[in-house]
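Working notes, beginning with the structure itself.
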Amino acid sequence: MKIQNCLVSATVCMVLAVASATAQSGQQNDKKALIKVVYEFIHVDDSTQRDRPRQEDTFLYINSTSSMYRRSNEEEGEYYRYLQGGGSKETYNINSILAKTSSLYHSVPEQKTISTERIIEQMFQINEPLHAIMWDIREEQKQIGDYLAQLATGSFRGRDYSVWFVPDIPMPFGPWKLQGLPGLILEARDSREDVIFVFKSLERIDGQVVNIESPKGIKQVSGAEYARTYKAFMDNPTAFIRATSAPGTNVVVGSGRSTRAGSNTLREKVYNNPLELTNR
Amino acid sequence: MRKLRFLILSFSLTAIVLTAAAQQRKVDGVLKTADGKPVAHASVMLKHNSNRIISFKPSDANGQFQLVVPDTATWSALFIEVNYLGYAKVNRPLEAGIFRYEIQMVEKSIDLSEIEVRSRPRIDSYGDTLSYDVASFARAEDRTIGDVLKNMPGMEVSESGQIKYNDKPISNFYIDGDDLLSDKYSIGTKTIPHAMVQKLEVLQNHQPLKVLRNKTLSDDVAINLVIKEEAKLKMTGQAKLGAGLPHQYDGELNTILFNKKYKMLNVAKGNNIGTDLSTDFASLGRFGLSGGSRPSALLNVGIGSPPLPRNRYYLNNSGSLNANNLVNLKNGLQLKTNIYGWLDRNEMEASHRTEIFATGDTIRYWENQAMTKDPFLTEVTLSANSNKDTYYFKNDLRLSYRGDMGRSSLLSNSQDFSQSLRSRIRDFSNDLQYVPQLRNKNILNLGWHLNHYNQPQTLLIDPGLNADLLNGGEPFREIDQFAEIPTWYSQMSLAYQLPRGLIRQSYRISSANEFQQLNSSLRLLQEDGSIRPFTGSQDNGLDWRRNELSLSGNYEYKQGRIEASLGLPLIFQHIRYADEAFDLDVNRARMLFSPTLRAKVMTTAEDYLSFNYRYGETTGNINGIFRGAVLSGYRSLRANDAALQESRGHTGSLHYNFQRSISMLFMNAGINYNRSIANTITSSVMTDEISQSVLIPFDNDVSSFGASAGISKYIFALGATTGLKGSWSSSRSNQLLNGESLPYYNESWTIAPNIEARLWKKVSANYEGSGTWTVSRSAKEGLAATSLNRQIKRFDQTLALSYSPVRPLFLRLTGRHQFVNQPGMEDLSYYFMDAKVRYTLVKYKMDFDLDLSNLANVRSYETFSLTANQFSHSHYHLRGRMAVLKVSFNL
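Residue numbers (my numbering), protein chains in the order written: chain A, 17 to 296; chain B, 4 to 894.
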């Protein structure tokens, strides 16, 4: 039943996508990214260790109608793997990594969000309608770098976010799933300061072509199904890998504890504070 | 079922919302192209005149939109804006009584140039390395890496070009990992375009020798410029040509190539606009060439200089060549040549009124001096080094020939005369170092430093002065003073390092041999043409030999957050000096012990507290024991009457370093204490005409105490780099003047704020200020307090406003105000005003600069200075108003 539903919605979506692509074909190459934005992402994923948040750079690629969001180490990991395999900077094609990395795709004409998730080598895709966050536009303005940003607030998946967006960059996107404002979101934080996105840089993409799209041919799951799978993986990674890898693969799973000098006092993290607290 | 319930609920909720909304006003409309096609998914904004967004709604698939207008808003102050990429931006004011707007959209190719691309300034930190993203700190008007350095929080560039990180001078300036410029790096900061540099890395706890990395402690800070890949490909260069009024010229030609194999930075310059090119050759690294074997000059005829940037008073005509070339060979050997040449002629006029306070008497003299100097410099350094994980080898050969010819005409205490000093320096040195790691992982460190140095000097004074003192009261024609100290110095060392274990050990044996001769003659040319030696004293012909053997043990400890090192050097010293003419033949043997202790605690990953202590025993040098009189300037006659100076001293300091690279906050604070006790002191006998100084035995106890703190922060909200520094120091010293011992106490406070901020999008401001308060007083009871207790307050503030109305045009106006207050004297207050206009031809990468300096045409400058018991009031001539137009282009 579910699969049928999925198929139907996928077909509808595909038709829509084709339609909108045709509609726009006269205009621009709608896949080509125009701007790359770098955010620093800070997430207190263990509320008992607030001083040790997860901290990493994330990339957002945008054009006028769609966006693609990806963790920097997803992207850089593939790049270095390519170099180690004997490739060179000149021959590297960033679009080739799409099917192997997790990413988040938003499309305004298609009115949908596609999350591509990766657990070790297994890929999953969650296809949802574009999240309509009820943004409340506030009066406050502030300068972020050279940009004049305005405040908006809104709730999403159990957290209340304050975000700063820039009307001068008229693209309705932002970091992660935060989007839908009349300008690019440069900064976002939730009311508990558990989740923070800080603007680091913005650059025009010239030269290399980065396509904004979601990979095709990946197993489609619902959000709830993916959550269950992920939990199964976290509860017993070894079993998960055995179950999903080729027979005869030798699996060694470490404790995950850091061996960095001076870190022997670090407690193992308890991931008790996910990004999404509810599913709406 | 559940779904149904949800639907009903959401429907009723919508109904409620709609009812509520009915009380609000609304406008709706549609977005269409000229041929009637709807424009979907475009954000339609309702904006206030203040450019704030009130509400927004994306258009639906049919281009329809509906916007809520709050009750509180004034209809006439609102407008609809549609800014959708691929279409021209549309603004439509709300019209009274109209609630539906059909908006026509015009297709337009996407033009991203409207979106200004800029990064938020960022610093990344990995372990001991901080890296500043150069482009994110660069302002549109910046050209060189030195310009950008000034905007980086935590960094400081002094007027001499020295770079400090969190108040610590850097030890090395690397370009893509190679030390091309050695310690004369200021040419690099002034020349390298910032656009070539990707990142500026600060390497903390830096150890330049790979073989010693992680094997020995270091608290040095170095800078590395990471060059952009695309900038490594080809040679670049720039030419700058300028001409101006009155009779001004300024030119520069440089070629730059930085690739992995070959690096070069060659610069030729010439100007008469007051730019001092000799600063390009100043040693700025903390380590000059090793060995303190170069004796200081015996003769000196300085004219002093005002506390102003040199280009305000430097009347020059200079040319220089600075050629730095480096090649990395395949086998890891690096060859490097640094060639410097500088030729200059400068003129200066100054007058000084000096008062020296002694008990019951104040010695006063004044002089007016007009001086022409012709200094020059030629220097070649040839280096070879190989820096590998298993060994380090280097050899530096340096040849230098430099000199100066200074002529001045003077008027001093109503005597008219002329003075000229000719100096030539021949300096040769060779440094060899070989540091292999042995098979047992221990490290050997071999070093040999050899130096020959001589600076012959001749001072001529015409007509003869101080006939009473020098020539038995008989007037004479000319004074001819000659002096030189040819020196050979050799230092050899061998160290054995055990880099493992809880306590790392290093044992070193070294020998130092110094051979010097001090020759001087003072001749007086009589009116009848005969030459007579000065009868008051014989000529010097002093032989000096110093031989030292030192043994030292060095111990280092590092565990977790704590590191400490202890050095225990023991020196056996033998000195023999003899001068037949004075029946002088002294043989002295002495054992010296100068332990050092350094400790550092990392209080967090980025912060540390460090402590340094040193006890030093030192012995004086040849300058302190010659017996024959030397006229070192027209009004000072020097000789000695004491045994070799022996001194011992304690130095201690405590320093706290705090940095938060993510939030760009840097702080430092420190205190230091110095005390030294020597067995001799300079005794001066002064009259209004001449001072005679003799070094005589005396327990000379000198101490100083200082505290300083600094903070530097980037404020994101303002886009501003701000800083504040403060310091306090006090010192106690002794003067022996006209047979009386005068202990003196000096105290000074300094505070220096700075801010570099963008006020509006096109206007930025830079403020730098400094306030200094200096007090000098006698520590002895009963001295005439009014004449001796002196204080000077000095404020120096600079404000620069920059305005760039359109991209290629840049304007800057700089004002500097100096204020000096000394009780009992008239306040001194000076305003300097400069302006700059730059126009850039982006297409040709050409800059046109118009520099207008000293707009107020301030040509005369007065200043006070205060040291212990001496007070001077000086007057200088400055360069006048000037305009120079300069064209710069890339080759």
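Even for Gly, the Cβ is constructed at its ideal location relative to N, Cα and C. Predicted model only: the values in this text are computed from it and were never measured.
Query: Contacting residues, own chain, Cβ-Cβ under 6 Å from S131 (chain A) (five flanking each side not counted); Result: L120, I142
Query: Buried versus exposed call for Q458 (chain B) [16 or more other C-beta atoms within 10 Å across all chains shown]; Result: buried
Query: Neighbourhood of N154 (chain B) by C-beta, 7 Å cutoff - its chain only, sequence neighbours within 5 removed; Result: F140, R142, T724, E759
Query: Chain B contact for Q159 (chain A) (CB, 8 Å cutoff); Result: yes
Query: Cβ neighbours of A24 (chain B) in the same chain (closer than 6 Å, five flanking residues each side left out); Result: Below a pLDDT of 50, predicted positions are generally treated as unreliable, and A24 (chain B), at 44, falls in that range; no measurement from the model is reported.
Query: Outcome for F629 (chain B) when other beta-carbon atoms lying within 10 angstroms are tallied against a minimum of 16; Result: buried
Query: Contact set for E566 (chain B): own chain, Cβ-Cβ below 6 Å, skip 5 residues either direction; Result: L220, K603
Query: Cβ-Cβ separation, Q157 (chain A) to A168 (chain A) (assumed contact under 8 Å), whole Å; Result: Wrong, their Cβ atoms sit about 11 Å apart, outside the cutoff.
Query: Contained beta strand (DSSP E) runs [length at least 3] in the stretch 716 to 785 of chain B, N- to C-terminal order; Result: 723 to 740, 743 to 761, 766 to 781
Query: T599 (chain B) - partner residues in DSSP beta bridges; Result: B:G570, B:R617
Query: Reduced DSSP secondary structure (H/G/I, E/B, other) of P253 (chain A); Result: helix
Query: Integer Cβ distance of M374 (chain B) from R410 (chain B), believed to fall under 8 Å; Result: 7 Å
Query: The stretch 658 to 674 of chain B touching the stretch 555 to 570 of chain B, judged by at least three CB pairs closer than 8 Å; Result: no
Query: Local Cβ density within 10 Å of L739 (chain B), reported as buried at 16 or more and exposed below that; Result: buried
Query: Terminal residues of the alpha helix (DSSP H) in which Y90 (chain B) lies; Result: No alpha helix (DSSP H) holds Y90 (chain B); DSSP gives it neither H nor E.
Query: Cβ shell of N677 (chain B) (< 6 Å), same chain only, five flanking positions each side left out; Result: T654, S707
Query: Alpha-carbon to alpha-carbon, M408 (chain B) and S423 (chain B); Result: 7 Å
Query: Residues that A720 (chain B) contacts on chain A, provided the C-beta gap is smaller than 8 Å; Result: K158, Q159
Query: In DSSP terms, what W151 (chain A) is bridged to; Result: In the DSSP output, where bridge partners are listed per residue, W151 (chain A) has none listed.
Query: Short Cβ contact (8 Å threshold) for L634 (chain B) with Q519 (chain B); Result: no
Query: Element boundaries [beta strand (DSSP E), containing S432 (chain B)]; Result: 418 to 439
Query: T294 (chain A) versus S62 (chain B): straight-line alpha-carbon distance, rounded; Result: 29 Å
Query: Where T194 (chain B) falls, given that 16 or more other Cβ within 10 Å makes a residue buried; Result: buried
Query: Backbone secondary structure at E530 (chain B) - three-state DSSP; Result: coil
Query: Proximity winner among B:L640, B:R564, B:T801, B:I148, relative to T607 (chain B) (alpha-carbon distances); Result: B:R564
Query: Integer-rounded CB distance, given that L595 (chain B) should sit under 8 Å from I578 (chain B); Result: Contact flag wrong, Cβ pair sits at about 11 Å.
Query: Cutoff 8 Å: M187 (chain A) Cβ touching any chain B Cβ; Result: yes
Query: Within-8 Å CB hit, N73 (chain B) to chain A; Result: It should be pointed out that residue 73 (chain B) corresponds to Pro in this sequence rather than to Asn. With 8 Å as the cut-off, P73 (chain B) does not count as an interface residue toward chain A.
Query: CA-to-CA distance, V160 (chain B) to C29 (chain A), given in whole angstroms; Result: Its pLDDT being 41, under 50, C29 (chain A) is placed unreliably in this model, and the coordinates cannot settle the point.
Query: Below-8 Å beta-carbon distance, Q166 (chain A) vs any chain B residue; Result: yes
Query: Residues within the stretch 61 to 74 of chain A neighbouring chain B, beta-carbon criterion of under 8 Å; Result: none
Query: Members of the stretch 67 to 99 of chain B near chain A, C-beta cut-off 7 Å; Result: N86, Y87, L88, G89
Query: Cβ of L292 (chain B) within 8 Å of any chain A Cβ; Result: Because the pLDDT of L292 (chain B) is 41, which lies under 50, any placement of that residue in the model is unreliable, and the number read from its coordinates should be weighed accordingly. It does not; no Cβ of chain A falls within 8 Å.
Query: Length at least 3, wholly inside the stretch 258 to 298 of chain B: the beta strand (DSSP E) runs in chain order; Result: 265 to 274
Query: Alpha carbon of A300 (chain B) to alpha carbon of K216 (chain A), nearest angstrom; Result: 55 Å
Query: Per-residue contacts from R125 (chain B) into chain A (C-beta, under 8 Å); Result: K216, S217
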